[in-house]
Amino acid sequence: MRKIYIVGLLTLLGFVVTSCNKWLDLQPQDGITKAEFWKTKEDVRAALMGIYSSLNAGPVETRVFLWGELRADMVNVSSYAADDYRLVKNYNVLSTNDIANWGALYNVINNCNLLIDFAPEAKAVDPTFTEATYNSYVGEALTIRSLLYFYLIRTFKEIPLKLKGSYRDTDVQNIGAVSADKVLSQLEQDLKQAQTLVPDYHVTPGNNFSINPSNTGRITKPAVHMLLAEVYMWKEQYALAEVELNKVLSTQRYQLIGRVASNSFDISSSETIFEISHKDSRANPLTPLVYVGRIPYIALTEVINMDFFPPNMEVDVDKSDSRGEGVLYLSSGMISKYGTENPSYYNFPIFRISDALLLKAEAAAEQGRGAEALQLIAELRESRGAIEASNRQLNESDLDDIIQFIFEERAREFAFEGKRWFDVLRLAKKDNYSNIGVLIDVVTKIVDASVQQSALNKVRDVNSHYLPIHEEELFKDNTLVQNPFYLK
């Protein structure tokens, strides 16, 4: 992490907002030094917009996609993929593999830390910097930092936890890694604080609910509730998660749009709680990776069509799940969820209302309320036009099967959104890895036959479920300790 200060300085001091209507339109502003910065609310806003800009610049979004999909059962590598990523698919990861590079996320975390550290200086000298605006900016930075740390602990487990910003190389200290539990405790604390700071919305919603990009492309209070709910679900604290989910669902600001189409992610919709926005900004970096040209990543159609979108056997042969083949992915394996042209400006969803519904269903089932869980699943399936072939006839007392059904529905609903591996891992590790068979099943479906037995042996070691610390990070910080699985 020795170079994080460079990106932090350039991002925070080098961007200003040029339009109130296009809040992600950022232009470089040369010649600003730290001594001249942090003097006004505009400086802090520019820093915040720099943080959002670094989210949609490409590296972060690509990492989220790869970390959340590549080891699971919905995305495959093509012949155009780099060797490093083919090795990931076969559970043969070394500490030199590019997949273990976490630098892009720590750069953004450092930017968040700098804003949190220095925003009070601007507030102290700018009388126009209101308490509400200051609170929003700090709360948004806290939430984005928490979101990135949540990706990191689910990917690496034990990670460096840095809560102060670094402007220069001499500021960076060797801090080692801390346990996932400590990081999760910090996230819970930060998100509870952010809930008191971030507004319900930045632009008053009209009849079209929350589709203004200033509400969907920036952190709002419902987004904070969603992230805290996910943290609680990861910690298996289902009652606490349900409290947060109810806060989102009770706003009535979000609605299912019904059947989705290939252009459903082109613009913000009434489903969107938070997304990485590309409108009037940078192109989506995923489109050239999954649809246009020599794409390295493709839909694992043979598994998807068998397990999640089986053929329709009903009399109405024209009926099909709106999330399935021909809409969000093609029989050739191309993934059209992020557009079919290059460049494409489709947004990347982080939280949607369907996520809240399915997490609420899971929390209900985990607390013994099977009937309620089944009703929530049915609501989403009816909206999407799901077919009977993918349905399960379950009794409300079949709680384990209901939970499995929820994760199948999550696969259908959030295909290619960087969620599948984290879902599979969350289900597998529940109750002290009582469901490790879920991961074993994934390996049997996706790993090449020639190395499958080796992969099965590896996946039985729970440390293999997390990536190694990259060797460059170990070299830069000699207090970091490698995941023991990768020392064998």
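Residue numbering for the sequence shown follows the numbering used here, beginning at 190 and increasing consecutively.
Where a beta carbon is used, it is the ideal one built from N, C-alpha and C, also for glycine.
Model, not experiment: these values are computed from the prediction.
In whole angstroms, give me the CA-to-CA distance for residue i and residue j.
i    : j    : result
I462 : R541 : 5 Å
K634 : A644 : 11 Å
D620 : E555 : 11 Å
G522 : F345 : 29 Å
A604 : F497 : 10 Å
L303 : Y241 : 14 Å
Q218 : A430 : Since pLDDT at Q218 reaches only 39, below the 50 mark, its modelled position is unreliable, and the value read off the structure follows with that caveat. Cα to Cα, the separation comes out at about 43 Å.
A262 : F226 : A quick correction: the sequence has Asp, not Ala, at residue 262. Those two C-alpha atoms are separated by around 47 Å.
G528 : D315 : 43 Å
A326 : E606 : In the sequence on display, residue 326 carries Tyr and not Ala. Answer to the nearest angstrom: the Cα atoms are 27 Å apart.
Q426 : H414 : 14 Å
T393 : T440 : 13 Å
R615 : D232 : 40 Å
L283 : Q671 : 11 Å
D379 : E329 : 11 Å
P388 : I408 : 9 Å
K677 : L445 : 48 Å
Y280 : R512 : 29 Å
S466 : R448 : 22 Å
N531 : R599 : 28 Å
N584 : A562 : 11 Å
A236 : D306 : 12 Å
L434 : C301 : 25 Å
V253 : P474 : 12 Å
A271 : F454 : 28 Å
S470 : N624 : 42 Å
A553 : L656 : 31 Å
A383 : L416 : 11 Å
D510 : E464 : 24 Å
S368 : P477 : 36 Å
D590 : G257 : 24 Å
H391 : L438 : 19 Å
T668 : E347 : 13 Å
I364 : Q642 : 38 Å
E460 : Y443 : 5 Å
L350 : Y518 : 38 Å
N401 : L546 : 22 Å
S457 : V479 : 21 Å
G406 : M238 : 11 Å
N265 : D587 : 33 Å
G354 : E597 : 41 Å
E377 : I493 : 35 Å
D630 : K468 : 39 Å
D287 : G559 : 42 Å
Could you check if residue i is buried or exposed, using at least 16 other CB atoms within 10 Å of its CB as the buried criterion?
i    : result
Y269 : exposed
K608 : buried
L215 : In this predicted model, L215 has a pLDDT of only 31, less than 50, meaning its place in the structure is not dependable; the value taken from the coordinates is given anyway. With 16 or more other Cβ atoms within 10 Å, it is buried.
D544 : buried
N404 : buried
F664 : exposed
M495 : exposed
A428 : exposed
E662 : buried
G557 : exposed
E602 : buried
P500 : exposed
P309 : exposed
D612 : buried
A293 : buried
K647 : buried
S243 : buried
S639 : exposed
K508 : exposed
K381 : exposed
How about residue i: is its Cβ closer than 7 Å to a heavy atom in the ligand PLP?
i    : result
R573 : Absent from the structure shown: the ligand PLP. Ligands present: none.
Between residue i and residue j, how many whole angstroms is the CB-CB distance? I'm expecting something under 8 Å.
i    : j    : result
A311 : K436 : Going by Cβ atoms, the distance from A311 to K436 rounds to 31 Å, so no, they are not a contact pair.
V627 : A617 : 5 Å
F674 : D650 : 6 Å
I524 : E551 : At roughly 26 Å, the Cβ-Cβ gap does not stay under 8 Å, so I524 and E551 are not in contact.
V516 : A450 : 6 Å
R234 : W610 : 35 Å between Cβ atoms; not a contact.
Count the C-beta pairs between the region 329 to 344 and the region 287 to 303 that are closer than 8 Å, then say yes if the count reaches three, no if not. The answer is yes - the region 287 to 303 touches the region 329 to 344, with three or more Cβ pairs under 8 Å.
Touch check for the region 412 to 424 and the region 368 to 387: three-plus C-beta pairs under 8 Å? Judged by Cβ distances under 8 Å, the region 412 to 424 makes contact with the region 368 to 387, as three or more pairs qualify.
Which runs of the alpha helix (DSSP H), 4 residues or longer, sit entirely within the region 362 to 450? Runs of the alpha helix (DSSP H) inside the region 362 to 450: 369 to 384, 402 to 405, 410 to 423 and 427 to 438.
Three-pair Cβ contact test at 8 Å for the region 562 to 571 versus the region 480 to 494: No, they do not touch.
Flag this pair as touching only if the region 310 to 328 and the region 246 to 253 have three or more C-beta atom pairs under 8 Å; answer yes or no. The answer is no - the region 246 to 253 does not touch the region 310 to 328, with fewer than three Cβ pairs under 8 Å.
Where are the beta strand (DSSP E) runs, 3 residues long or more, that stay fully inside the region 450 to 500, in chain order? If we require 3 residues or more, the beta strand (DSSP E) runs fully inside the region 450 to 500 come out as 461 to 465 and 486 to 488.
Under 8 Å, with one C-beta from each stretch per pair, do the region 273 to 282 and the region 531 to 541 reach the 3-pair mark? The region 273 to 282 vs the region 531 to 541: no contact.
Start-end ranges of the alpha helix (DSSP H) lying completely within the region 558 to 635, minimum 4 residues: Within the region 558 to 635, the runs of alpha helix (DSSP H) that reach at least 4 residues and sit entirely inside it are, in chain order, 559 to 573, 588 to 602, 609 to 622 and 626 to 635.
Tell me the start and end of each unbroken alpha helix (DSSP H) in the region 632 to 670 that is at least 4 residues and wholly inside, in chain order. Those alpha helix (DSSP H) runs which fall completely within the region 632 to 670 and span 4+ residues are 641 to 648 and 660 to 665.
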